[in-house]
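Numbering (this note's numbering), first residue to last: 783 to 856.
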């Protein structure tokens, strides 16, 4: 599996963005905020985890990377 940069993942996900559904931006943001609170991790820690998983696990929802990036920048 070819490793992608953070910028490549974010740009790809922006081009294929969907807001709703189980794997959409809204659901991802809700999950990220829950994980941040429950596991007491910063958004930056979670972004690093999601970025690594996006490059290691073909089944990982890469929308999580974009959603976390957006939460950091809001």
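Ideal Cβ placement from N, Cα and C applies to all residues, glycine included.
Contact between the stretch 804-816 and the stretch 841-855 is present, with at least three C-beta pairs closer than 8 angstroms.
Between residue 785 and residue 823, the alpha-carbon positions lie close to 25 angstroms from each other. A direct Cα-to-Cα measurement between residue 820 and residue 843 gives close to 20 angstroms. Residue nearest to residue 789 within the set 817, 812, 836 and 818 is 836 (criterion: CA-CA distance). Only exposed fits residue 854, as fewer than 16 other CB atoms lie within 10 angstroms of its CB.
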